[in-house]
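A short worksheet on the structure shown next.
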Amino acid sequence: MALRGNLRDFSLTQLLNLVNLAKKTGALTLGEGNSQATVYFREGMLVHVFLDGQASNLCNLLERVGKINEAQSRLLPQEARSDKEWGLLLINTGLINRADIIEAVRRHTLETAYRLFTWTEGSFLFEPNVLPPDDKITVLLHLENVILEGSRRVGEWKRLEKELPDLGMALRFTTRPEVRLKRITLSPDEWRVVSSIDPSRSIQEIAQAHSLTDSQIRKIVYGLLSAGLVELVPRVKPISAAPPPKEKVAPAPVRKGIILRLIDRIRRL
Amino acid sequence: MQTVKIVVTGPFNAGKTAFIGAISEIEVVSTERRITDHSQSTKEQTTVAMDFGRITVDDGLVLYLFGTPGQRRFDFMWEILSEGMLGFIVLVDSVAPETFHEARGILDLFKNYSPACYVVAANKQDLKDAWPPQDLRIALKIDSDVKVVPCVATDKESVKRVLLELLYSILETAEE
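One line per chain: the protein sequences are A and B, in this order. Start counting the first sequence at 1; every next residue gets the next number (the working numbering). Start counting the second sequence at 1; every next residue gets the next number (the working numbering).
Shown next, in the form of structure tokens:
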């Protein structure tokens, strides 16, 4: 089933998180103004990105990322061929090896994906089971790191403020078993924040302890939240200092017999 | 006569009135008013007070269904409605991702009001662009132990299924 919406309401970070957790395979097409991009996933991993106006084939891509230079590119036969054919040709001419090609495609895919994090308006459409064209060289990239780095680059104060309005909240490590901590890389500031996570400390207190501005701590926490490493919880105050908590209105005690009567009645409706 | 109460909540235009109307044995009592704000393009009228439906179980027991006002400016009503409820249903419009953030906020508010059991109903599953329940679970960050039930609020059988799922959850925690 296709998923449609607007990035204004459901951000790219949220979409990637959804693809990651649901281990989806398919193509996510994004539109912002006159620009369009298509991001491909296989079982929850990023495999390919295509952005209008970017390098049209592997040779252009390698030139753009500095793996080959313009003079070398001019020496190559210029007839149309698939990326896989370009790759074979380049390896056979000795200009580049397979590992360099894969690394260049990986870097290009990531950089393109990061650019898309700045798209905050525009349509999105996720079509399941749509894969990149066969001739494209694909990579397998874990989305947790893409989300983390993309979030680092977002730099949109308003969205951060909307996503994380209350710095009085605290953080705790998520208990979700599917989060793969070993594959996540953190910046030094992120490590400092992670090392300070304690449900009795507010985000604001953590920021003060590490001399981080509101903007910096929001960006870090947003990245950690988006990657699913941590979750927001109300700050737990130390018992001695805590005022009596506001009591929730508990439901009236109900016996199983009443519930069974309700179930029986609704079944018969 | 014992009465019990289930609250049906969710964002504006999620389908709360239709949900209660599909199963109530009485004509749903609702106070609909003409909309005077930006929401007008979506719905000409909306619930400004509350919907109220009834299911008579037997001579000694009645279930009341209360629908919360759909617009946030009436959220002062929500805490009052939540008092003493048996459980609650958060109705989500599966074709309106722009309302997911609000649905999550409403869910958090109700959890804060009461420790009662709840389920999330992914409404409008009959529409082409409906987000499937498993995607809604992720989008709304619903805990794995909470049921996200597919729903078509205009279909009585579908509404029954949502209510039954809630009651099964309540049954697990009810006293002998």
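We put the beta carbon where it would ideally sit given N, CA and C, even for glycine. Here the structure is a predicted model, which is why all the values come from computation and not from measurement.
Suppose the cutoff is 6 Å on Cβ atoms and the five residues either side in sequence are ignored; what does the same chain contact list for residue i look like?
{"i": "Arg218 (chain A)", "result": "Leu160 and Leu164"}
{"i": "Ala121 (chain B)", "result": "Ile89, Leu91, Val149, Cys151 and Val162"}
{"i": "Arg4 (chain A)", "result": "Leu125"}
{"i": "Thr38 (chain A)", "result": "Ala27, Thr29 and Phe50"}
Could you tell me whether the Cβ of residue i comes closer than 8 Å to any Cβ of chain B?
{"i": "Ala170 (chain A)", "result": "no"}
{"i": "Val236 (chain A)", "result": "no"}
{"i": "Lys256 (chain A)", "result": "yes"}
{"i": "Gln208 (chain A)", "result": "no"}
{"i": "Leu21 (chain A)", "result": "yes"}
{"i": "Asp9 (chain A)", "result": "yes"}
{"i": "Leu18 (chain A)", "result": "yes"}
{"i": "Leu141 (chain A)", "result": "no"}
{"i": "Leu30 (chain A)", "result": "no"}
{"i": "Asn6 (chain A)", "result": "yes"}
{"i": "Met45 (chain A)", "result": "no"}
{"i": "Leu3 (chain A)", "result": "yes"}
{"i": "Gln14 (chain A)", "result": "yes"}
{"i": "Leu164 (chain A)", "result": "no"}
{"i": "Arg159 (chain A)", "result": "no"}
{"i": "Ile259 (chain A)", "result": "yes"}
Using a beta-carbon distance below 8 Å, is residue i in contact with chain A?
{"i": "Val148 (chain B)", "result": "no"}
{"i": "Asp58 (chain B)", "result": "yes"}
{"i": "Ile20 (chain B)", "result": "no"}
{"i": "Trp131 (chain B)", "result": "yes"}
{"i": "Asp145 (chain B)", "result": "no"}
{"i": "Asp135 (chain B)", "result": "yes"}
{"i": "Gly11 (chain B)", "result": "According to the sequence provided, residue 11 (chain B) is Pro. The question's Gly does not apply to it. So no, Pro11 (chain B) is outside the interface."}
{"i": "Val152 (chain B)", "result": "no"}
{"i": "Phe110 (chain B)", "result": "no"}
{"i": "Lys160 (chain B)", "result": "yes"}
Kindly indicate which residue of the options has the alpha-carbon position closest to the one of residue i.
{"i": "Leu95 (chain A)", "options": "A:Glu111, A:Glu79, A:Leu116 and A:Glu70", "result": "A:Glu70"}
{"i": "Asp51 (chain B)", "options": "B:Ile80, B:Asp59, B:Tyr113 and B:Phe66", "result": "B:Phe66"}
{"i": "Tyr168 (chain B)", "options": "A:Ile259, A:Leu51 and A:Glu127", "result": "A:Ile259"}
{"i": "Gln36 (chain A)", "options": "A:Leu28, A:Glu205 and A:Arg267", "result": "A:Leu28"}
{"i": "Thr17 (chain B)", "options": "B:Leu127, B:Pro97, B:Val159 and B:Asp59", "result": "B:Val159"}
{"i": "Arg265 (chain A)", "options": "B:Ala96, B:Gly21, B:Leu127 and B:Val62", "result": "B:Val62"}
{"i": "Ile6 (chain B)", "options": "B:Leu86, B:Ala174 and B:Ala139", "result": "B:Leu86"}
{"i": "Gly33 (chain A)", "options": "A:Trp119, A:Met45 and A:Asn17", "result": "A:Trp119"}
{"i": "Glu231 (chain A)", "options": "A:Pro77, A:Ala99, A:Leu167 and A:Arg261", "result": "A:Leu167"}
{"i": "Pro97 (chain B)", "options": "B:Cys117, B:Tyr118, B:Ile138 and B:Lys111", "result": "B:Ile138"}
{"i": "Arg153 (chain A)", "options": "A:Leu75, A:Leu110 and A:Ala209", "result": "A:Leu110"}
{"i": "Val49 (chain A)", "options": "A:Thr112, A:Val221, A:Leu15 and A:Leu7", "result": "A:Thr112"}
{"i": "Ala209 (chain A)", "options": "A:Ser196, A:Gln216, A:Glu103 and A:Ile220", "result": "A:Ser196"}
{"i": "Ile220 (chain A)", "options": "A:Arg255, A:Pro234 and A:Leu171", "result": "A:Leu171"}
For residue i, which residues from the same chain have a beta carbon less than 7 Å from its beta carbon, with the 5 sequence-adjacent residues on both sides left out?
{"i": "Asp83 (chain A)", "result": "Asn57, Leu58, Asp135, Lys136 and Ile137"}
{"i": "Gln125 (chain B)", "result": "Ser94, Pro150, Cys151 and Val152"}
{"i": "Met45 (chain A)", "result": "Leu140, Leu141, His142 and Leu143"}
{"i": "Ser73 (chain A)", "result": "Cys59 and Glu63"}
{"i": "Lys67 (chain A)", "result": "Ile96, Asp100 and Ala104"}
Quick check: the Cα distance between residue i and residue j, rounded to an integer number of angstroms?
{"i": "Leu131 (chain A)", "j": "Val57 (chain B)", "result": "53 Å"}
{"i": "Gln22 (chain A)", "j": "Pro132 (chain B)", "result": "As written in the sequence, residue 22 (chain A) is Ala, which differs from the Gln given in the question. Taking the straight line from one Cα to the other gives about 11 Å."}
{"i": "Ala227 (chain A)", "j": "Trp86 (chain A)", "result": "35 Å"}
{"i": "Ile239 (chain A)", "j": "Arg201 (chain A)", "result": "With a pLDDT of 47 at Ile239 (chain A), under the threshold of 50, the modelled position of that residue is not reliable, and the figure given next carries that caveat. Those two C-alpha atoms are separated by around 13 Å."}
{"i": "Ala207 (chain A)", "j": "Phe124 (chain A)", "result": "35 Å"}
{"i": "Lys24 (chain A)", "j": "Leu143 (chain A)", "result": "11 Å"}
{"i": "Phe41 (chain A)", "j": "Leu229 (chain A)", "result": "21 Å"}
{"i": "Asn17 (chain A)", "j": "Leu90 (chain A)", "result": "36 Å"}
{"i": "Asn129 (chain A)", "j": "Val254 (chain A)", "result": "47 Å"}
Compute the minimum distance between the beta carbon of residue i and the heavy atoms of the ligand MG, and state whether it is under 7 Å.
{"i": "Leu95 (chain A)", "result": "The ligand MG is not among the ligands present in this structure, which contains no ligands whatsoever."}
Does any residue of chain C have a CB that is nearer than 8 Å to the CB of residue i?
{"i": "Leu167 (chain A)", "result": "Of the chains in the structure shown, none is chain C; the protein chains are A and B."}
Which same chain residues end up closer than 8 Å to residue i when comparing Cβ atoms and leaving out the 5 residues on each side of it in sequence?
{"i": "Val8 (chain B)", "result": "Lys16, Phe19, Ile20, Asp51, Leu65, Phe66, Gly67, Thr68, Phe88, Ile89 and Leu91"}
Checklist entry - Looking at chain B, which residues of the stretch 209–227 of chain A have a Cβ within less than 8 Å of any of its Cβ atoms? => result none
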